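J.:
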Amino acid sequence: MASLKDIRKRIDSVKRTQKTTSAMKMVSAAKLRRSENSIREAKPYANKLKSVVSSLSTRFDGKDQDTGFGLLFKNSGGKRTGVILITSDRGLCGGFNSNLSKALARQLADEEVECADFVILGRKGNEFFKRSAHNILANHTGTPPGEQLVLVHDIVSKLTSRFEAGELDQVILAYNHYVSVIAQVPVIEQLLPIRAPEAEITDERDIIFEPSPQDILETLLKKYVQNQVYVSWLDTIAGEHAARMTSMDAATK
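Quick note: the sequence shown uses my numbering, first residue 1106, plus one each step.
#1: With a 10 Å radius around its C-beta and 16 neighbouring C-beta atoms as the bar for buried, classify Asn1281 as buried or exposed.
#2: Report the CB separation of Thr1357 from Lys1130 in whole angstroms; it is logged as a contact under 8 Å.
#3: Within the same chain, show all residues whose beta-carbon is closer than 6 Å to that of Ala1151, passing over the 5 residues directly before and after it, in chain order.
#4: Hey, quick one: how far does the alpha helix (DSSP H) through Gly1187 stretch, first residue to last?
#5: Quick one: using the 10 Å Cβ neighbour count with 16 as the cut-off for buried, is Lys1120 buried or exposed?
#6: Please classify Val1290 as buried or exposed, where buried requires at least 16 neighbouring CB atoms within 10 angstroms.
#7: Confirm, please, whether the CB-CB distance from Leu1273 to Gly1344 is below 8 Å.
#8: Is the separation between the beta-carbon of Leu1161 and that of Pro1316 shorter than 8 Å?
#9: Going along the chain, which residues of its own chain have a beta-carbon closer than 6 Å to the beta-carbon of Leu1226, five neighbours each way excluded?
#10: Along the beta strand (DSSP E) that carries Asp1222, what are the first and last residues, could you check?
#11: Classify Gly1251 as buried or exposed, calling it buried when 16 or more other Cβ atoms lie within 10 Å of its own Cβ.
#12: Which residues does DSSP list as the beta-bridge partners of His1386?
#13: Could you tell me the alpha carbon to alpha carbon distance between Lys1168 and Val1132, rounded to whole angstroms?
#14: Kindly indicate which three-state DSSP category Glu1272 falls into: helix, strand or coil?
#15: Measuring alpha carbon to alpha carbon, tell me which residue in Cys1198, Asp1222, Thr1265, Ala1214 is nearest Arg1349.
#16: Who are His1282's beta bridge partners in DSSP?
#17: Confirm, please, whether the CB-CB distance from Ala1279 to Ile1260 is below 8 Å.
#18: The alpha helix (DSSP H) that contains Arg1211, what's its start and end?
#19: Check this for me: beta carbons of Gly1230 and Ser1206, under 8 Å apart or not?
#20: Got a sec? Which residues, its chain only, sit under 8 Å from His1258 by beta carbon, not counting five neighbours each side?
#21: Can you find the residues in the same chain that come closer than 7 Å, C-beta to C-beta, to Glu1141, ignoring five residues on each side of it along the sequence?
#22: May I ask you to list the residues that DSSP assigns as paired with Gln1295?
#23: Taking its Cβ as the centre, do 16 or more other Cβ atoms sit within 10 Å of Leu1109, making it buried, or is it exposed?
#24: Assuming contact is defined by CB atoms lying nearer than 8 Å, are Ala1351 and Val1284 in contact in what I supplied?
Okay, structure coming up:
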């Protein structure tokens, strides 16, 4: 039977743990608010870019997929795969990272992709896949907010160049979509070849393009892909803070 002294030590230990988890919850809550603001600021540009690309894509007949920007739409049907995986650097956020990594591993197995080329944002994704048969080209950790957009541009440019050169048949993006404080959903989507966003109903007679729609689309397509990755990164960061806040709240109770 435990002595009174041992019981007091256990109580003190529990109280110290509660203080730590409570503090971590408060920190995560503050970071979540900042992340939500970042997403709100990025959404208008993302939505407008999507609208313009969808409108221009309706004018692309898909007949010249072997040249120019048409290569970004070309579906070769092969299995050479590039992956951009976005996870967190830190743990203590429940199944936030493992659920996404497991879902990605299952999908690659289902598609019979034996050795994909990975670019991983976040330490946790690297820890999951480093012992797999897949090839990790780069693992970026601890990226400051001010450097995220530059890093995304570099990553997407390199993978896009490989796709256009025929070295990759597809590029997929895996991240956690932030729905709410209690809900973060793993998302695995095709980045390349581009699936043009559904076009809005517009009156084409009211639109004058200078230069041509093809020239504008060639410029905007890569920006569209880069922006998809960037907004998904912001989404994942918000989801991480929400998941950690929920985990620390449960631990405190």
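Every residue gets a Cβ at the ideal spot worked out from N, C-alpha and C, and that includes glycine. Model, not experiment: these values are computed from the prediction.
T.: On the basis of the data shown:
#1: Flag for Asn1281 reads buried.
#2: 6 Å
#3: Asn1332, Val1336
#4: Run containing Gly1187: none in the alpha helix (DSSP H); it sits in the beta strand (DSSP E), 1186-1191.
#5: exposed
#6: exposed
#7: no
#8: no
#9: Ile1191, His1245
#10: 1222-1226
#11: Gly1251 should be labelled exposed.
#12: Missing from the structure shown is residue 1386; the chain here goes from 1106 to 1358 and no further.
#13: Annotation note: pLDDT 48 at Lys1168 (below 50); position unreliable, coordinate value reported separately. One C-alpha to the other measures close to 53 Å.
#14: coil
#15: Cys1198
#16: Checking the DSSP bridge columns, you'll see His1282 partnered with Val1290.
#17: no
#18: 1201-1215 is the extent of the alpha helix (DSSP H) around Arg1211.
#19: A contact, by the Cβ cut-off of 8 Å.
#20: Gln1331
#21: Ala1343
#22: Ile1277
#23: exposed
#24: At residue 1351 the sequence reads Thr, which differs from the Ala that was named. No, these two residues do not count as a Cβ contact at 8 Å.
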